[in-house]
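> Just passing along the structure, written as structure tokens.
Numbering (my numbering), first residue to last: 1 to 300.
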């Protein structure tokens with residue numbers, strides 16, 4: 001049942017297994033290093049059968065306790081135990097088999113189905129340290145704090161058909177906002193839960209505009225402006241201020257403030273003062289010429 005939804009860890013691509021290893025929490029990596037399990041960067045810590053160190057430790061404990069014995073006296077191999085573990089992980093939760101009065105079995109939903117979930121999953125770009133490549137086998141979401149890992153796995157699988165290998169979550173608390181005379185508050189959009197999800201199939205996050213070629217960047221900006229009206233409020237604001245500088249009768253411009261109103265106003269005042277200075281010089285020259293002419297006439 002639902003065989004297409006089964007995610008076998010042993011069948012993961014090498015890049016996905018490496019990404020799963022790189023996303024291991026730091027405390028877990030330190031604990032494994034103390035136990036002698038140290039992995040080189042950009043390498044996977046899985047065994048040839050696909051078991052992670054935690055799964056391999058569980059397998060060893062179950063094998064020592066004799067919990068893996070079969071009816072023929074043999075024990076489950078690592079690959080068989082992993083397949084059994086994966087079948088349990090990928091089971092359809094919230095459904096149980098019930099037997100009717102006529103002896104037939106049928107699936108019954110134990111929980112309550114949610115057809116229109118009102119939760120918001122916000123996908124953001126992965127955190128990539130400087131000098132390291134982007135990890136396409138990992139996706140980062142910002143989810144409500146009430147959402148659990150099981151909810152995230154079920155939501156992504158039921159709505160988008162995304163198969164996941166691991167989920168790491170951590171909570172972020174909003175910084176406190178202190179205003180004099182008012183009670184201390186928090187910022188609503190700064191308090192969230194971050195979910196780092198491992199993917200079976202790679203997903204490449206769209207490039208940032210600064211990383212795109214010029215033609216592709218202009219094409220994307222044009223699409224955002226036409227379809228999503230990105231930047232419309234900024235253009236409307238500039239147009240509003242432009243209209244405010246117009247005169248009442250629509251002829252010319254009106255300068256509402258002093259000499260530092262705008263660059264155009266400053267240049268206009270400089271040009272007027274320069275014209276006044278040149279006109280004064282011309283007046284002085286004319287008076288000098290008149291005085292010289294009058295002196296020459298008296299001498300003659």
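We put the CB at the ideal spot given by N, CA and C, even for glycine. Predicted model, so just to flag it, every value in this text is computed and none were measured.
(1) Roughly how many whole angstroms lie between the Cα atoms of residue 163 and residue 152?
(2) Quick check on the burial criterion: 16 or more other C-beta atoms within 10 angstroms. Buried or exposed for residue 170?
(3) Once DSSP output is grouped into helix, strand and coil, what is the label at residue 284?
(4) Can you tell me which of 24, 101, 56 and 102 puts its alpha carbon nearest to the alpha carbon of residue 42?
(5) Look at the alpha carbon of residue 8 and the alpha carbon of residue 211, and state the distance between them as a whole number of angstroms.
(6) Is the distance from the Cβ of residue 143 to the Cβ of residue 192 below 9 Å?
(7) For a test of the three-state rule: what should DSSP assign to residue 2, helix, strand or coil?
(8) Leaving aside the five residues before and after residue 18 along the sequence, list all residues of the same chain whose C-beta is less than 7 Å from its C-beta, in chain order.
(9) Among all the DSSP beta bridges, which residues are the ones paired with residue 139?
(10) Looking at the secondary structure, which residues open and close the alpha helix (DSSP H) in which residue 84 lies?
(11) Look at residue 199 and residue 160 and say whether their C-beta atoms are less than 9 Å apart.
(12) Given a cut-off of 9 Å, decide if residue 20 and residue 52 are closer than it, judged by their beta-carbon atoms.
(13) Output needed for residue 287: all residues of its chain with C-beta closer than 6 Å, excluding positions within five of it in sequence on either side, in chain order.
(14) When you compare only the Cα positions, how much space is there between residue 4 and residue 226?
(15) The beta strand (DSSP E) that contains residue 108, what's its start and end?
(16) Provide the residue span of the beta strand (DSSP E) that contains residue 167, from first to last.
(17) Hey, residue 196 and residue 140: beta-carbon distance below 9 Å or not?
(18) What three-state label does DSSP hand residue 18 in the structure shown?
(19) Could you check what DSSP says for residue 224 in three-state terms: helix, strand or coil?
(20) Could you pull out every residue in the same chain whose Cβ sits closer than 7 Å to the Cβ of residue 39, ignoring the five residues on either side in sequence?
(21) Could you check if residue 172 is buried or exposed, using at least 16 other CB atoms within 10 Å of its CB as the buried criterion?
(22) Does the Cβ-Cβ distance between residue 209 and residue 221 come in under 9 Å?
(23) Pull up the distance between the alpha-carbon of residue 68 and that of residue 89, whole angstroms please.
(24) Beta-carbon separation of residue 59 and residue 83 under 9 Å?
Taking the geometry as given:
(1) 11 Å
(2) exposed
(3) helix
(4) 24
(5) Only weak support exists for where residue 8 lies, its pLDDT of 42 falling under 50; the coordinates are left without a value.
(6) yes
(7) Because the pLDDT at residue 2 is just 37, under 50, the model does not fix this residue reliably, and the value given afterwards should be weighed accordingly. If DSSP states are grouped into helix, strand and coil, residue 2 belongs with coil.
(8) 42, 43 and 44
(9) Bridge partners of residue 139: 197.
(10) 78 to 89
(11) no
(12) yes
(13) none
(14) Residue placement at residue 4 is poorly supported in this model, since its pLDDT is 38, which falls under 50; the coordinates still yield a value, given next. Distance between the alpha carbons of residue 4 and residue 226: 40 Å.
(15) 105 to 109
(16) 164 to 172
(17) Yes, the pair counts as a contact, with Cβ atoms nearer than the cut-off.
(18) Residue 18: helix per DSSP, three-state reduction.
(19) helix
(20) 21 and 45
(21) exposed
(22) Yes, the Cβ-Cβ distance between residue 209 and residue 221 is below 9 Å.
(23) 18 Å
(24) no
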